[in-house]
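Residue numbers (my numbering): 572 to 1318.
By construction, the Cβ of each residue, glycine as well, lies at the ideal position given by its N, Cα and C atoms.
One structure is given below, encoded as structure tokens.
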């Protein structure tokens, strides 16, 4: 590069990287970071029988976790999310009362309270690191924006403190449920109701100290997409996208769930039982201090303050009926057939992210710039971030917003199974089963941008707002991304063959073998950072949904060694010898499975649409290392599979230019889940012994050896197909050999 074009602040950031300490031009820095995890927990339960008809219980559980979880570069960063210094506490109180009215009528009333509190901060919390590097307005004088900005540099390990920190969350869940059971002839009837109330008080920002993406797009050939370097872009100082947000304090959100059910277990014949059930559920949209982006009117709808509308105008899903049916049929010769079908509704886990992270509580500044144009001053790292955040106008929101849509539609899951069990030779039980799942309305949790431009065009993002070409530009020109949240959009199919062979515990020996062959196919996993290339055509996303483990085998066993008092050999040995040689047990679990599915992506978005997961065209199988050895060599690969090049990156080729465009390329054809990670094999082993202490009880000594053979199970490969080292594996999926020793006294 011409020294005159080097940006001083970009150079400051580039020099932060540690020097290489390993050979090669990629993955050439090795470091071991210290991770700590301290936990304290206890549980208490008290049961009391007032009479044969009345029983109560009370329980309390407590758990504290204090952890330090650094990324590969320690305080310098190493990943976008979520290295932290964290303290969390979970508490649970449970109460229950069971009353027997008569021999055929029983009622079970129970309830509980759960509280979860977490406080997590980044590693440079309280330090104005970005200010010291020369990035203006990244550190704004408040502790929440302290630390180094998050900088994504294509082909290099990310720098900066984690996104989504600091996080302060306090959640309370109250539950009360009652089930009435009545036995009438061959029918066992159950009627029940379950009510839950959730309170969330939450503070979390995505990029409080700011984030910048340096894709290499400003130093590549625009028409061929060849060349380009993220490091060169940051030395030039030009970011492709910039974002920063701020939040006005901890905000409360509220939810509730109500479910009722009826079930009949009908024993038609002694060997045939049918189960019929019906469940109805209703789950509220968020309420409290939340707001929702109205996709029709293009305005924010709040649930608080001026113009407040309950639940931010989001409608209830009132169609969640869940029929259930089951069958158990005993055949001669120790054989049983079981089958079931049901429809289920479930709010998918999404940590705490919800509609409270919206204007007016949240203000987000986000800009995307076209790599086909000459960079302007606003996108330079030396310019940094705007000096102030604008006051949010709900009728004219700026930056990024979230939407659930007009209705909070619950994910709907159809499940069915058929199994045959057969007992033979007295202690052996074999089973073969087919298990299927079909899921609809699965939620999209910020896996794409509903305001993504419709098609690849050179002119996208080319005006002063950085939002030109977006679908809502004519209505809201300052509106950047629209992130879907609890947004019903995806589907999947799961089908599996499940087999097992179990020898029940007999003569001191038990063993269980299990094998599963499965396929998990769909159009996206729906999580933050998911793999949706074109937000307007998610139906085109179809393939193996991570992890999609095709083959999995497990074997577990327990064997009481036949030596010592009460066992086959040396049954009458004296106490001293028995304490050394007698009473030992061995146990273990062996696991073997095929590799998980991974989706290939490019290091930058060649479509110029702000795609969340732009992909190349796939020309051959990624496992074919005979394809295009020249390109492999340019990417640092030797033409064979190893940890540096787990798959052949050369089979992925940049798509052609979009019709009539000079720099914007068409969307790629590579499908979801088109890569596979390494297989996994693991052996865990247990050696234990019981020492009896006269009439005072016994001591159990237990030694556990996790990954006893210290076999390396490697993690998933990188998925950026167009950068040197993008196909490498740099971590392990399981820990090295771990040994644990424990003593337990029972009296």
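Cβ distance (whole Å) where residue i is taken to contact residue j below 8 angstroms
| i | j | result |
| --- | --- | --- |
| residue 1069 | residue 793 | The pair is not a contact, with the Cβ atoms about 52 angstroms apart (cut-off 8 angstroms). |
| residue 1012 | residue 979 | That belief does not hold up - the Cβ atoms of residue 1012 and residue 979 are roughly 10 angstroms apart, past 8 angstroms. |
| residue 1037 | residue 939 | 5 angstroms |
| residue 1104 | residue 1112 | 7 angstroms |
| residue 857 | residue 817 | No, residue 857 and residue 817 are not in contact; Cβ-Cβ is about 21 angstroms, not under 8 angstroms. |
| residue 1300 | residue 1285 | 5 angstroms |
| residue 635 | residue 611 | 5 angstroms |
| residue 704 | residue 580 | 6 angstroms |
| residue 1244 | residue 1115 | 3 angstroms |
Beta bridge counterpart(s) of residue i as assigned by DSSP
| i | result |
| --- | --- |
| residue 991 | 908 and 1003 |
| residue 688 | 660 and 741 |
| residue 1289 | Its beta-bridge partners do not exist; DSSP assigns none. |
| residue 721 | 782 |
| residue 846 | 836 and 897 |
| residue 1114 | 1093 |
| residue 823 | 772 |
| residue 886 | 978 |
| residue 646 | In the DSSP output, where bridge partners are listed per residue, residue 646 has none listed. |
| residue 870 | 865 |
| residue 749 | 680 and 764 |
| residue 1242 | According to DSSP, which records beta bridges pairwise, residue 1242 is partnered with nothing at all. |
| residue 1084 | 1072 and 1126 |
| residue 970 | 1050 |
Alpha-carbon spacing of residue i relative to residue j, whole angstroms
| i | j | result |
| --- | --- | --- |
| residue 725 | residue 789 | 12 angstroms |
| residue 587 | residue 647 | 8 angstroms |
| residue 1273 | residue 860 | 51 angstroms |
| residue 604 | residue 1307 | 15 angstroms |
| residue 847 | residue 898 | 9 angstroms |
| residue 1220 | residue 1184 | 17 angstroms |
| residue 764 | residue 1261 | 45 angstroms |
| residue 1048 | residue 1039 | 7 angstroms |
| residue 803 | residue 787 | 7 angstroms |
| residue 969 | residue 699 | 27 angstroms |
| residue 606 | residue 639 | 6 angstroms |
| residue 673 | residue 1287 | 58 angstroms |
| residue 626 | residue 1153 | 42 angstroms |
| residue 1319 | residue 985 | The requested residue 1319 does not occur in the structure, where the chain is confined to residues 572 to 1318. |
| residue 1249 | residue 1195 | 16 angstroms |
| residue 1149 | residue 1311 | 24 angstroms |
| residue 873 | residue 1032 | 29 angstroms |
| residue 1280 | residue 1146 | 34 angstroms |
| residue 1315 | residue 1267 | 13 angstroms |
| residue 971 | residue 1201 | 43 angstroms |
| residue 559 | residue 733 | Outside the shown range of the chain (572 to 1318) lies residue 559, about which nothing can therefore be said. |
| residue 652 | residue 690 | 16 angstroms |
| residue 997 | residue 661 | 45 angstroms |
| residue 828 | residue 629 | 24 angstroms |
Residue i - containing alpha helix (DSSP H), residue span
| i | result |
| --- | --- |
| residue 717 | Where residue 717 is concerned, there is no enclosing alpha helix (DSSP H), given that its DSSP letter is neither H nor E. |
| residue 804 | 801 to 807 |
| residue 585 | 579 to 585 |
| residue 962 | Neither: residue 962 is in no alpha helix (DSSP H) and is coded neither H nor E. |
| residue 1151 | 1146 to 1152 |
| residue 1063 | Unbroken run through residue 1063 is the beta strand (DSSP E), 1058 to 1077; no alpha helix (DSSP H). |
| residue 702 | 700 to 704 |
| residue 1205 | 1200 to 1205 |
Near the ligand MN: residue i beta-carbon under 7 angstroms from a heavy atom
| i | result |
| --- | --- |
| residue 1075 | In the structure on display, the ligand MN does not appear, and there are no ligands present to speak of. |
Endpoints, the beta strand (DSSP E) within which residue i is located
| i | result |
| --- | --- |
| residue 1311 | 1309 to 1317 |
| residue 934 | 933 to 939 |
| residue 629 | 625 to 640 |
| residue 818 | 812 to 818 |
| residue 1051 | 1050 to 1055 |
| residue 610 | 607 to 620 |
| residue 1253 | 1251 to 1263 |
| residue 1155 | 1155 to 1164 |
| residue 1274 | 1269 to 1277 |
* Asked: Does the segment 741 to 759 touch the segment 712 to 720, meaning 3 or more C-beta pairs lie closer than 8 angstroms?
  -> no
* Meets three-Cβ-pair contact criterion under 8 angstroms: the segment 1079 to 1093 and the segment 1129 to 1147 -> yes
* When the Cβ atoms of the segment 745 to 752 are set against those of the segment 674 to 682, are three or more pairs found closer than 8 angstroms? -> yes
* So, do the segment 1172 to 1192 and the segment 1219 to 1226 have three or more beta carbon pairs nearer to each other than 8 angstroms? -> Enough Cβ pairs lie closer than 8 angstroms, so yes.
* To do: Would you check if the segment 992 to 1009 and the segment 1019 to 1027 touch, i.e. whether three or more CB-CB distances between them fall below 8 angstroms?
  => no
* Asked: Does the segment 584 to 603 come close enough to the segment 618 to 632 to have 3 or more Cβ pairs within less than 8 angstroms?
  -> no
* Asked: Does the segment 765 to 776 come close enough to the segment 825 to 832 that 3 or more CB-CB pairs lie under 8 angstroms?
  -> yes
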